[in-house]
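Novice: Residue numbers (the numbering used here), protein chains in the order written: chain E, 1137 to 1934; chain G, -18 to 183.
This is how it looks when you write it as structure tokens:
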């Protein structure tokens, strides 16, 4: 078994006795998950619980003339059949716009459509029954009279005057547009020795979380409280939204999130069917459960990507990049998704293109348009796979054009490691990155020169192997700049409340959530280290708005960097409070004491003075023996939000070695590498596994995953037989290395690592495929996913 | 009794169960909804993802492609039973140590398939492990940690893998019911395998 090697941190502030920082501590929650004792929302059953199923529009766009529910209401087990108009009495519509995306517009979206269905899969009626099967049976008895309307499906023509406007009151199908010019791109392109243009296409794909979206809403009229068991990444965000749209006070809503069967950004949004479920519970005064089945997941879980980017790059003969330019077009379905909007991904593409490179000349335009397909929104590594593939694709194309090794071209343009702090062309700010150190490290890991030699030798034997590289940057640890400044009620700070129990163990209540990435282990490591107890004596509680500090949850790679820092600081504060009590008991200056291994010790010598259990015993049961006026405080809360930088950018580089079978068009992945710099590595194993999982998700987008729509707006492969996801047998082993550049914005110095893998993998695979095919003089493959069909078409074989 | 419902009796994790079930109810829904055995998960309900994998008379089956009424008179084992008996304790421990799960939703099914693979008594190669897992969808890990964990258990249980002439598993990407041709019945268990699971009220 290859356990990740422990990596002691170089930071002295973290150099506590028995530190867990930098150690691959196993996650505490794995034992029950391996025993089938998880508590996923789909497992929950409550007394009097009913189940809802939805009648969904078979049309991409249709007027709803009438919904007849009489027959459904008579069906066995049915409790209610509720139309959109009826549900509107308990829940208000919403509009997914934020003020910092200037000019973004969308139309009011309802829990259940009332007059018009705007995509295939939009709910038009709900049926609540004693069992899910009975609810589905009765759905078949709901008679909906539709008048089909023209469907807008092609983003390229969505803005043409001849194209129908999906929401006439908005005037056109343009959701959002952003234009940016930095430096002098016109002169830079005019004076460049070579300019390469290309159009990159990114297929629509989706998250396919293994546990579909799940929610159980329980309105208790006696308490006047709504308890929602919700498979979400952001419980406080959904609490706020449920309260707002059901006309409740925030304190009347409790959101509980236990185990979540995969999220990846799919479960950080508000979905109409989930809003309908909470509204139905309020309407029917009983618990209502909704678990999306796989087929409705494909037409309702947010989709992502689906960008077409026309781009160009200018270089001089010496390999110096003079300018980047992009024109991005993306179709996001009929509504901007609430509350984060569907403008963020295009906005990120504008921000991130060219980000690793020292090139001041940049022009970008991004347009986001409405269409009658399922909604699109933020999914793991929002915008990064697109920006990275465009930037790195251009770099490889232009390197080939001027006959320079792609590694050398990167070396000449990546922002120097000693040039920080630095600002990217789009205005993004970098505290400190390590592109060159990372590149040097990955080349050594890949044995790049020998790999090139092997590739050359095999080409002589008709074997077409490719080597691809992709440098990337990743947005992590977001401040309020991400959502809060635009008016979104999504907390950018996060907190940890620590409570010493009567035997000296510590409870940690945190506002970040566990989605399987290991947040609870990381929080325990931070607290065990900064407070000073064995990790077995730390118990972490997350995912309950009644019992955790108000916080943002888990998204944008923020749990460790923000939630971890809050936990770290809370551990220090609790240590100070416990040492104050111990000092009073020992008649010692608390400054001369420390806590190590769960024992109060002399700070200098480490001599054991008093077990924590004894401190707790005296404080809780015999406070009468403490000095007059002394009050121990064994509950503390600390919050943290990044203030020094809007985002903690990380960086890294990925490498791919693959073989293209020119007869079948298949791409065989031989090996994948990643060097990544997320600052302080709290748990090497968990970081590496985030990288690996993220890479495979990126490979999915590059090679397999595609939500294929026909011209009428019908998803034609919305099931797991036809929508391909990465499976074990096709995936390569992935080697992960690190460069460590801590952020000075926090004491812990940790940045995020959750999205780096997905950010870089598609670019890396694309470059490797084109590297393999370059000697065959095919047109470069730039439209993902790179299926065997696409490869064979490029080769002219079909 | 209406034609929609049938009476069945079966053993689930060694406990006798008598139930009246809808003819259309799948085994995994029966386990989860009627017996509250929620360790078997529902991921796709069309036989691809493998989250619902359980043992039926010792053979690996998809709980979503098997009707509960087909299990009349049968022995069914789920992750709960295999956990309590200790039959897969080494696999579970290896998965924890190697962080071979993140959200954990696919894990019970994968553990049951891994048990089947290792029941052959020969340490499989990494390629064979990957092939055997091809009926299981994991979105979180990228699979490598899972392969590592199973490989570690195989090496702990058996001699190193043969370099050539391996028997390919019958796992298929399409995820049909997996044949368990290699697995001895629990009563004739391989001498160096895990202890047999408890049966028949044991």
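Think of the CB as a built atom: it goes at the ideal place given N, C-alpha and C, for glycine as much as any other residue.
Look at the alpha carbon of residue 1700/E and the alpha carbon of residue 1693/E, and state the distance between them as a whole number of angstroms.
Specialist: Locating residue 1700/E in the first chain gives position 564, where the first residue counts as 1. Locating residue 1693/E in the first chain gives position 557, where the first residue counts as 1. Using only the alpha carbons, I get a separation of about 12 angstroms.
Novice: Apply the 10 Å Cβ neighbour rule to residue 1318/E and answer buried if 16 or more other Cβ atoms are within range, or exposed otherwise.
Specialist: Within the first chain, the letter at position 182 stands for residue 1318/E. Result: buried.
Novice: Please tell me whether residue -3/G has its Cβ less than 8 angstroms away from any Cβ of chain E.
Specialist: The residue given as residue -3/G occupies position 16 in the second chain. With 8 angstroms as the cut-off, residue -3/G does not count as an interface residue toward chain E.
Novice: Who are the neighbours of residue 1163/E on chain G, taking C-beta pairs under 8 angstroms?
Specialist: For the purposes of this step, residue 1163/E is taken as residue 27 along the first chain, with counting starting at 1. What residue 1163/E touches in chain G: 77 and 80.
Novice: Would you identify the three-state DSSP class for residue 1603/E, choosing helix, strand or coil?
Specialist: Start at 1 with the first residue of the first chain, and residue 1603/E comes out as number 467. In the structure shown, residue 1603/E sits in a strand (DSSP, three-state: E or B).
Novice: Which of helix, strand or coil does DSSP assign to residue 19/G?
Specialist: Counting from one through the second chain, the residue named residue 19/G turns up at place 38. Looking at residue 19/G - three-state DSSP - the assignment turns out to be coil, as it is neither helix nor strand.
Novice: Can a CB atom of chain E be found closer than 8 angstroms to the CB of residue 88/G?
Specialist: Stepping through the second chain from its first residue, residue 88/G is reached at position 107. So, interface residue.
Novice: With H, G and I counted as helix, E and B as strand and the rest as coil, what does DSSP make of residue 1767/E?
Specialist: For the purposes of this step, residue 1767/E is taken as the residue at position 631 of the first chain. Residue state, collapsed to three classes: coil.
Novice: In angstroms, rounded to a whole number, what distance separates the CA positions of residue 1932/E and residue 16/G?
Specialist: Stepping through the first chain from its first residue, residue 1932/E is reached at position 796. Stepping through the second chain from its first residue, residue 16/G is reached at position 35. Whole-angstrom Cα-Cα distance: 57 angstroms.
Novice: Anything in chain G within Cβ reach of residue 1345/E, meaning under 7 angstroms, just list it in chain order.
Specialist: Locating residue 1345/E in the first chain gives position 209, counting from the first residue. Going along chain G in sequence order, the residues near residue 1345/E (Cβ under 7 angstroms) are 120.
Novice: Residue 1525/E: buried (16+ other C-beta within 10 angstroms of its C-beta) or exposed?
Specialist: For this step, residue 1525/E is matched to residue 389 along the first chain. It counts as buried.
Novice: Taking the beta carbon of residue 1239/E as the centre, do at least 16 other beta carbons fall within 10 Å, making it buried, or is it exposed?
Specialist: Position 103 of the first chain, counting from 1, holds the residue named residue 1239/E. Burial call: exposed.
Novice: Cα separation between residue 1150/E and residue 1158/E?
Specialist: Here residue 1150/E is taken as the residue at index 14 of the first chain, counted from 1. Here residue 1158/E is taken as the residue at index 22 of the first chain, counted from 1. Near 10 angstroms, if we compare the C-alpha coordinates of residue 1158/E and residue 1150/E.
Novice: Could you name each continuous beta strand (DSSP E) segment of 3 residues or more that falls completely within the segment 1184 to 1240 of chain E, going from the start of the chain to the end?
Specialist: If we require 3 residues or more, the beta strand (DSSP E) runs fully inside the segment 1184 to 1240 of chain E come out as 1186 to 1192, 1198 to 1204 and 1214 to 1219.
Novice: So with Cβ pairs under 8 angstroms, would you call residue 55/G a contact of chain E?
Specialist: The residue labelled residue 55/G in the question sits at position 74 within the second chain. For residue 55/G, the answer is no, since every Cβ of chain E falls outside 8 angstroms of its Cβ.
Novice: If you drop the 5 nearest sequence neighbours on each side, which residues of the same chain put their C-beta closer than 7 angstroms to that of residue 1407/E?
Specialist: Within the first chain, residue 1407/E is the residue found at index 271, counting from 1. For residue 1407/E, where only same-chain residues beyond five positions count, the Cβ hits under 7 angstroms are 1349 and 1436.
Novice: From the DSSP output, read off the bridge partner residues of residue 1426/E.
Specialist: Looking up residue 1426/E in the first chain gives position 290. Per DSSP, 1351/E.
Novice: With 8 angstroms set as the bound, which would you pick, yes or no: does the beta-carbon of residue 94/G sit closer than that to a beta-carbon of chain E?
Specialist: As a position in the second chain, residue 94/G is number 113, starting the count at 1. Closer than 8 angstroms: no.
Novice: With DSSP as the reference, label residue 1900/E as helix, strand or coil.
Specialist: Locating residue 1900/E in the first chain gives position 764, counting from the first residue. The DSSP-derived three-state label of residue 1900/E is helix.
Novice: Looking at the C-beta of residue 26/G, does it have a partner C-beta in chain E at a distance below 8 angstroms?
Specialist: Counted from its first residue, the second chain places residue 26/G at position 45. Judged by the 8 angstroms Cβ criterion, residue 26/G is in contact with chain E.
Novice: Between residue 9/G and chain E, is there a C-beta pair that is closer than 8 angstroms?
Specialist: On the second chain, position 28 is the one that residue 9/G refers to. Answer no: the Cβ-Cβ gap between residue 9/G and chain E never drops below 8 angstroms.
Novice: Extract the residue ranges of the beta strand (DSSP E) inside the segment 1583 to 1630 of chain E, only unbroken runs of 3 or more that lie entirely within it.
Specialist: With a minimum length of 3 residues, the continuous beta strand (DSSP E) runs that stay inside the segment 1583 to 1630 of chain E are 1600 to 1612.
Novice: Might you give, ordered along the chain, the residues of its own chain that have their beta carbon closer than 8 angstroms to the beta carbon of residue 1802/E, omitting 5 neighbours on each side?
Specialist: The residue labelled residue 1802/E in the question sits at position 666 within the first chain. The residues are 1796, 1924 and 1927.
Novice: Please go through the segment 1724 to 1774 of chain E and give each complete alpha helix (DSSP H) segment of 4 or more residues, from N-terminal end onward.
Specialist: 1748 to 1757
Novice: What distance in whole Å lies between the Cβ atoms of residue 1343/E and residue 1270/E, which are believed to be in contact at a cut-off of 8 angstroms?
Specialist: Taking the first residue of the first chain as 1, we reach residue 1270/E at position 134. Taking the first residue of the first chain as 1, we reach residue 1343/E at position 207. Not a contact, Cβ separation roughly 29 angstroms.
Novice: Check whether the Cβ atoms of residue 1191/E and residue 1264/E sit closer than 8 angstroms, and answer yes or no.
Specialist: The residue given as residue 1191/E occupies position 55 in the first chain. The residue given as residue 1264/E occupies position 128 in the first chain. No, the Cβ-Cβ distance between residue 1191/E and residue 1264/E is not below 8 angstroms.
Novice: For residue 9/G and residue 1588/E, I'd like the C-alpha separation in whole angstroms.
Specialist: Stepping through the second chain from its first residue, residue 9/G is reached at position 28. Stepping through the first chain from its first residue, residue 1588/E is reached at position 452. In a straight line, the C-alpha of residue 9/G is about 51 angstroms away from that of residue 1588/E.
Novice: Counting contacts by CB-CB distance shorter than 8 angstroms, is residue 41/G in contact with chain E?
Specialist: Here residue 41/G is taken as the residue at index 60 of the second chain, counted from 1. Output row for residue 41/G: interface = no.
Novice: Along the chain, where does the alpha helix (DSSP H) that runs through residue 1380/E open and close?
Specialist: Position 244 of the first chain, counted from the start, is the residue given in the question as residue 1380/E. 1371 to 1381 is the span of the alpha helix (DSSP H), which, as asked, contains residue 1380/E.
Novice: Quick check: is the beta carbon of residue 34/G nearer than 8 angstroms to any beta carbon in chain E?
Specialist: Your numbering for residue 34/G matches position 53 in the second chain. Not an interface residue.
Novice: Report the CB separation of residue 1438/E from residue 1513/E in whole angstroms; it is logged as a contact under 8 angstroms.
Specialist: Along the first chain, read from residue 1 onward, the residue named residue 1438/E stands at position 302. Along the first chain, read from residue 1 onward, the residue named residue 1513/E stands at position 377. About 4 angstroms separates the two Cβ atoms, so the contact holds.
Novice: Sort 1655/E, 1600/E and 1168/E by Cα distance to residue 1822/E and report the nearest one.
Specialist: For the purposes of this step, residue 1822/E is identified with residue 686 of the first chain, where counting begins at 1. That would be 1655/E, whose Cα lies nearest to the Cα of residue 1822/E.
Novice: Could you work out which residue in 1165/E, 1714/E and 1256/E is closest to residue 1198/E when comparing CA atoms only?
Specialist: Position 62 of the first chain, counted from the start, is the residue given in the question as residue 1198/E. The option with the nearest alpha carbon to residue 1198/E is 1256/E.
Novice: Does the count of Cβ pairs from the segment 1358 to 1368 of chain E and the segment 1563 to 1578 of chain E closer than 8 angstroms reach three?
Specialist: no
Novice: Are the C-beta atoms of residue 1176/E and some chain G residue less than 8 angstroms apart?
Specialist: Translated into the one-based positions of the first chain, residue 1176/E becomes position 40. Yes, because at least one Cβ of chain G sits closer than 8 angstroms to the Cβ of residue 1176/E.
Novice: To the nearest angstrom, report how far apart residue 1735/E and residue 1662/E are at their CA atoms.
Specialist: Counting from 1 along the first chain, the entry for residue 1735/E is found at position 599. Counting from 1 along the first chain, the entry for residue 1662/E is found at position 526. So the two alpha carbons sit approximately 17 angstroms from each other.
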